[in-house]
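Residue numbers (the numbering used here): 11 to 183.
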């Protein structure tokens with residue numbers, strides 16, 4: 011089998027595994043509920059966020075389940091892509107390229123509902139690697155979640171995120 015066919019098949023298998031893990035996994039870290047302004051200006055909503063590591067990795071990239079629950083009494087609109095920032099141990103923002111899904115659209119999250127997206131962090135480990143990661147800042151709701159604690163941060167690291175997917179996910183605690 012040609013090498014390119016093997017690569018495509020491996021990529022397809024990994025993508026399927028990541029999607030399955032997204033729909034089946036619970037989350038490990040928690041964040042308190044934080045009121046957040048809806049993206050459309052339609053009012054306030056209360057969101058809780060959680061981040062859980064997904065099994066496996068691909069070519070230096072690790073994946074996490076990012077779950078958001080609307081704990082308020084009204085629906086709210088999440089931005090197509092949340093603001094994501096990688097922070098160091100003192101909550102200082104680290105320089106990381108963020109790649110998002112260009113086809114993502116704003117997402118209406120009903121009261122009591124959950125949605126999730128996959129977040130990937132890729133590092134080639136090439137210098138300069140002069141800091142450590144500790145948190146992922148998610149906006150909205152504007153909370154810092156434990157993320158890659160103590161892992162090396164290098165200049166060419168990349169953060170990716172998928173679009174929101176509705177579902178019955180393990181609600182953030």
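Even glycine gets a Cβ: it sits at the ideal position worked out from N, Cα and C.
Residue i versus residue j - alpha carbon distance
{"i": "residue 175", "j": "residue 138", "result": "36 Å"}
{"i": "residue 86", "j": "residue 120", "result": "7 Å"}
{"i": "residue 117", "j": "residue 88", "result": "5 Å"}
{"i": "residue 170", "j": "residue 128", "result": "8 Å"}
{"i": "residue 122", "j": "residue 82", "result": "7 Å"}
{"i": "residue 97", "j": "residue 84", "result": "31 Å"}
{"i": "residue 134", "j": "residue 178", "result": "34 Å"}
{"i": "residue 161", "j": "residue 144", "result": "7 Å"}
DSSP beta-bridge partners of residue i
{"i": "residue 86", "result": "119"}
{"i": "residue 64", "result": "None; residue 64 has no bridge partner."}
{"i": "residue 6", "result": "Absent from the model: residue 6. The displayed extent of the chain is 11 to 183, so no value can be given."}
Coil, strand or helix - residue i by DSSP
{"i": "residue 74", "result": "strand"}
{"i": "residue 179", "result": "coil"}
{"i": "residue 109", "result": "strand"}
{"i": "residue 132", "result": "strand"}
{"i": "residue 153", "result": "strand"}
{"i": "residue 164", "result": "coil"}
{"i": "residue 95", "result": "strand"}
{"i": "residue 100", "result": "coil"}
{"i": "residue 69", "result": "coil"}
{"i": "residue 124", "result": "strand"}
Endpoints, beta strand (DSSP E) assigned at residue i
{"i": "residue 147", "result": "141-149"}
TODO: Would you check if there are 3 or more beta carbon pairs closer than 8 Å linking the stretch 55-71 to the stretch 143-154?
DONE: The answer is yes - the stretch 143-154 touches the stretch 55-71, with three or more Cβ pairs under 8 Å.
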